[in-house]
């Protein structure tokens with residue numbers, strides 16, 4: 001008895017072929033009628049040891065050479081993506097080499113560039129509060145974001161903070177983001193292979209994601225978006241699993257819920273995830289798979305409002321914060337204007353993205369729109385439907401006329417832009433090298449195809465590499481945080497009584513001063529709280545007169561316009577030390593009391 005077993009991946013590739021889902025076994029028994037029986041196992045559905053009959057699948061013709069004198073060329077079946085990355089040494093080697101390159105570029109000079117941001121300091125200070133058992137935040141937790149993001153940061157920084165408590169500062173703890181970047185980069189490669197991209201194209205997607213100047217700058221920073229992107233990529237990886245077990249889709253729902261509870265804006269990506277789960281699930285268990293993913297995501301997602309309900313903080317009430325008010329604030333916060341309106345805040349954010357990299361945002365967006373437009377005719381478009389839809393959704397939200405567009409918003413799109421651009425490159429390569437080939441093609445025409453492919457590759461490199469080199473060189477050589485470090489050192493060494501001093505700072509420096517001996521919360525005060533947190537303002541009955549210093553960083557000076565106590569403290573103070581020049585300077589200002597003593 002002879003047997004042949006074909007395992008297929010259930011996806012479509014950039015090479016123009018469509019692969020059939022499931023596992024087929026064709027067997028013939030000598031001495032019988034000779035009729036082959038086709039049996040489809042339910043292994044793809046997560047059930048082993050049993051089989052059921054299904055409609056016969058067409059036989060795959062034997063791969064034979066051309067018959068003499070026929071002139072027909074041999075039909076070649078394209079290689080299938082490995083079901084597991086660890087099963088392919090070539091994939092492991094390529095992925096490992098690229099990962100090392102990405103981590104070196106992203107990790108070099110990570111503490112000195114880019115400039116420390118107030119958001120980074122806030123998330124790390126909240127993680128510190130969790131570690132210290134002070135609650136979910138270093139001030140009153142008011143449901144601005146789900147707390148799971150900085151709880152993860154608390155876990156990641158727990159051991160370094162325990163060994164060296166003074167290292168729990170923004171510049172030092174940026175190093176933990178390398179772990180997140182590395183995991184995300186590997187998941188981009190795995191996703192590329194699961195979407196049936198050739199090995200080189202999956203590697204290209206990994207490089208586009210990891211070495212784009214936008215990634216080098218933004219993935220270094222301690223942002224919740226970076227953590228949420230990692231969980232989202234894991235959800236897509238499980239949803240596109242070639243094994244198609246039900247628990248893979250259930251796990252995709254769990255990972256998606258974790259992403260949303262890390263940064264709630266990932267909620268808008270869920271439709272693209274469920275489309276991916278639908279396209280990559282087995283037809284016999286598709287409804288069960290999708291139901292499991294949605295159910296797991298929904299049940300875990302509801303843990304956040306349940307937490308608020310159990311604390312009596314789901315709805316507004318006297319004397320407490322509420323989840324409803326937090327959601328209302330996020331939905332009604334002042335917009336930054338239309339992204340294409342020159343002079344608006346969103347236009348400025350867009351220009352900052354394009355300053356670092358034009359290739360990935362513009363090329364990826366154009367590729368995503370093209371894939372969606374050709375979805376019915378292109379197998380590549382169907383394979384990359386999930387990433388293309390993700391890019392389209394995020395782009396549509398960014399184009400809202402009066403929406404709020406933060407600088408870190410693009411982080412959510414970076415891996416999907418990279419996958420779409422890599423898939424488009426693979427399609428072009430296939431069109432140049434393999435499409436429309438015939439047995440009558442002259443050797444010279446074949447050489448011309450390869451010459452054209454090499455020319456296009458060199459042209460792309462000539463355009464991209466110099467621009468990316470400039471951005472990467474700035475990231476690995478510039479010291480943008482020297483003023484912050486100098487100001488922190490001055491406050492730690494030149495103030496006689498840190499424990500009895502009250503100072504306004506932004507959160508980028510908050511933990512530095514806590515480690516220098518200032519009282520957390522009411523001694524060193526996150527400057528927003530001097531006007532917005534009743535627990536702080538009630539300890540300042542005389543307003544700005546109850547303060548001693550203001551560390552006027554660019555963030556403090558910019559936002560003081562809308563904060564009366566902070567604005568008055570700056571106006572009634574004089575600089576005693578200034579570090580840096582221009583708009584990036586950090587001023588240490590001592591409050592000068594008038595109309596009475598403090």
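Residue numbers (the numbering used here): 1 to 598.
Even glycine gets a Cβ: it sits at the ideal position worked out from N, Cα and C.
Everything numeric in this text was worked out from a predicted model, so none of it was measured.
Asked                                                                                                                                                                           : Found
If you pair each beta-carbon of the segment 231-248 with each one of the segment 179-196, do three or more pairs fall below 8 Å?                                                : yes
Could you tell me if residue 319 is buried or exposed, where buried requires 16 or more neighbouring beta carbons within 10 angstroms of its beta carbon?                       : exposed
Per DSSP, what kind of secondary structure is residue 449 in: helix, strand or coil?                                                                                            : helix
Report back the beta-carbon spacing between residue 214 and residue 410 to the nearest angstrom; my notes put them in contact at under 8 Å.                                     : 6 Å
Kindly identify the DSSP beta-bridge partner or partners of residue 551.                                                                                                        : 588
Mapping DSSP to helix, strand and coil, what is residue 478?                                                                                                                    : coil
In terms of alpha-carbon separation, which member of 508, 492 and 328 lies closest to residue 501?                                                                              : 492
Spatial neighbours of residue 384 within its chain, please: CB distance less than 7 Å, with the 5 preceding and 5 following residues excluded, ordered by chain position.       : 195, 371, 419, 420 and 423
Going along the chain, which residues of its own chain have a beta-carbon closer than 8 Å to the beta-carbon of residue 433, five neighbours each way excluded?                 : 449, 450 and 453
By how many angstroms is the C-alpha of residue 209 removed from the C-alpha of residue 415?                                                                                    : 5 Å
Using DSSP's beta-bridge definition, name the partner residues of residue 504.                                                                                                  : 525 and 550
Over the uninterrupted beta strand (DSSP E) stretch that includes residue 181, give me the two end residues.                                                                    : Where residue 181 is concerned, there is no enclosing beta strand (DSSP E), although the alpha helix (DSSP H) it sits in stretches over 177-194.
Going straight from the alpha carbon of residue 546 to that of residue 268, what length do you get?                                                                             : 45 Å
Taking the Cβ atom as the reference point for each residue, do residue 556 and residue 506 lie within a distance shorter than 8 Å?                                              : yes
Which residue or residues does DSSP assign as beta-bridge partners of residue 578?                                                                                              : 587
How close, in whole Å, do the beta carbons of residue 531 and residue 563 come, if the pair is a contact with beta carbons under 8 Å?                                           : 4 Å
Across which residues does DSSP place residue 320 in a beta bridge pair?                                                                                                        : 317
Between the segment 521-535 and the segment 570-587, do three or more beta carbon pairs fall short of 8 Å?                                                                      : no
So residue 365 is in the alpha helix (DSSP H); what residue range does that whole segment cover?                                                                                : 364-373
Under 8 Å: do the segment 354-361 and the segment 336-343 share three or more Cβ pairs, one atom per stretch?                                                                   : no
Within 10 Å of its beta-carbon, does residue 249 have 16 or more other beta-carbons around it, so buried, or fewer, so exposed?                                                 : buried
Tell me which same chain residues have a C-beta within less than 7 Å of the C-beta of residue 207, skipping the five on either side of it?                                      : 98
For a test of the three-state rule: what should DSSP assign to residue 488, helix, strand or coil?                                                                              : helix
Using the three-state DSSP reduction, which class does residue 213 fall into: helix, strand or coil?                                                                            : helix
So is residue 120 buried or exposed if we call it buried at 16+ other beta carbons inside 10 Å?                                                                                 : buried
Taking one C-beta from the segment 197-204 and one from the segment 399-408 each time, how about it: are there three or more such pairs within less than 8 Å?                   : no
Taking 6 Å as the limit between beta carbons, can you name the residues of its chain near residue 147, skipping five residues before and five after?                            : 136
To the nearest angstrom, report how far apart residue 141 and residue 536 are at their CA atoms.                                                                                : 13 Å
Is it a yes or a no for the segment 456-470 touching the segment 152-163, going by three-plus beta-carbon pairs under 8 Å?                                                      : no
Please determine if the segment 511-528 and the segment 116-135 are in contact, where contact requires at least 3 C-beta pairs separated by less than 8 Å.                      : yes
Where do the ends of the alpha helix (DSSP H) carrying residue 117 lie?                                                                                                         : That residue, residue 117, is in no alpha helix (DSSP H); it is neither H nor E in DSSP.
Taking the beta carbon of residue 609 as the centre, do at least 16 other beta carbons fall within 10 Å, making it buried, or is it exposed?                                    : Limits of the chain in this structure are 1 at one end and 598 at the other, which puts residue 609 out of reach.
Give the straight-line distance between the Cα atoms of residue 301 and residue 316, rounded to the nearest whole angstrom.                                                     : 21 Å
Counting along the chain, where does the alpha helix (DSSP H) carrying residue 89 start and finish?                                                                             : 89-107
Just to confirm, is the Cβ distance from residue 211 to residue 105 under 8 Å?                                                                                                  : yes
Excluding the 5 residues preceding and the 5 following residue 561 in the sequence, name in chain order all residues of the same chain whose CB lies nearer than 7 Å to its CB. : 567
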